Ligand code: ATP
């Protein structure tokens, strides 16, 4: 056992993601297993600043593995972005005798932890909890699989009405900077076209695709559009297509925050459980400024700077699959 770590603080930060509770549960139980204490910090970094913390034990995290959201709550803390805010956070960290932090969140949360470490030398390990799957150093982030399944279930329902009325549905899914949700859910739900931030698209190409599908005998279509797509948003795209094709019966659906909620899938629960334990073990081995992730089904640790700066590339094979199947 390393580095005199006896009490670990754990927080969830940034946007919530299904599986954060499973990760918290794993952190708390791993601490108990390794005979150290775990403290839950409420509302992300706000809880450090406001000294809002709670002792946790194995039974405090019962019945949460199946719950979406985060029982610790999460927040976007503007005060933690300031040196004064981080000073307060450090004072409370010391007051509570916390030796290290586990930060469950996205790249913003890791950036905050990294700055905090540079200023106050607080050891920490990050766990990627975000539905967008946009963090380098892991094949999957916690919450992504659940969000994908939520989208696919919703689009399956839209397909029923699209088919019955011969409609074209434009469906906006989450992904401000990354098209992973759009691309994978689009393939899984049989979309005619998928528009993602990473690809240059045009309304002309989209219309060509819809016309081709019509000529091949399709009466209805689904188009999946990531929210960060560059053509002006789902309503604008629908308007431009309608201007070219008055005859299309077009509907727009924005799936919105339902994509963040719900009971985590088996995949997310197992991932969260593994990463929670890995984070505690990593800290006990003296590791810090790392993110615990999974690659080729093996636990890996990635320097936090890399996890923040680098980005996962969209798999061109998946784009090919989507294009071939939209024939
Ligand atoms: P998601 O991917 O779901 O948006 P995230 O972790 O990237 O999650 P952010 O809102 O970007 O979400 O960051 C979460 C919190 O981390 C911020 O509210 C802030 O408290 C802290 N944080 C982010 N960037 C910084 C920074 N440059 N300096 C200090 N703290 C930061």
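Residue numbers (the UniProt record's numbering): 1 to 327. Beta carbons: idealized from backbone N, C-alpha and C, even for Gly. Because the structure is a prediction, the values reported are computed rather than measured.
The ligand ATP heavy atom lying under 7 Å from the CB of residue i
| i | result |
| --- | --- |
| residue 140 | no |
| residue 45 | yes |
| residue 301 | no |
| residue 106 | yes |
| residue 80 | yes |
| residue 130 | yes |
| residue 15 | yes |
| residue 220 | no |
| residue 233 | no |
| residue 76 | yes |
| residue 111 | yes |
| residue 49 | no |
| residue 115 | yes |
Bridge partner(s) assigned by DSSP for residue i
| i | result |
| --- | --- |
| residue 195 | 225 |
| residue 300 | 293 |
| residue 37 | 7 |
| residue 56 | 38 |
| residue 12 | 104 |
Proximity of residue i and residue j at Cβ, strictly below 8 Å
| i | j | result |
| --- | --- | --- |
| residue 93 | residue 44 | no |
| residue 21 | residue 54 | no |
| residue 201 | residue 229 | yes |
| residue 100 | residue 276 | no |
| residue 75 | residue 209 | no |
| residue 272 | residue 282 | no |
| residue 73 | residue 42 | yes |
| residue 34 | residue 280 | yes |
| residue 302 | residue 143 | no |
| residue 116 | residue 89 | yes |
| residue 154 | residue 196 | no |
| residue 173 | residue 224 | yes |
| residue 133 | residue 180 | yes |
| residue 27 | residue 102 | yes |
| residue 165 | residue 249 | yes |
| residue 185 | residue 158 | no |
| residue 267 | residue 145 | yes |
| residue 220 | residue 295 | no |
| residue 263 | residue 68 | yes |
| residue 187 | residue 318 | yes |
| residue 65 | residue 260 | no |
| residue 5 | residue 284 | yes |
| residue 135 | residue 307 | yes |
| residue 19 | residue 269 | yes |
| residue 7 | residue 37 | yes |
| residue 244 | residue 207 | yes |
| residue 162 | residue 222 | yes |
| residue 304 | residue 51 | no |
| residue 258 | residue 150 | yes |
Curious, which full-length alpha helix (DSSP H) runs of at least 4 residues does the stretch 60-118 contain?
83-95
Whole runs of the alpha helix (DSSP H) within the stretch 220-285, excluding any shorter than 4 residues:
234-244 and 266-284
Uninterrupted alpha helix (DSSP H) stretches inside the stretch 124-172 (no shorter than 4 residues):
Taking only runs of at least 4 residues, the alpha helix (DSSP H) segments lying wholly in the stretch 124-172 are 144-165.
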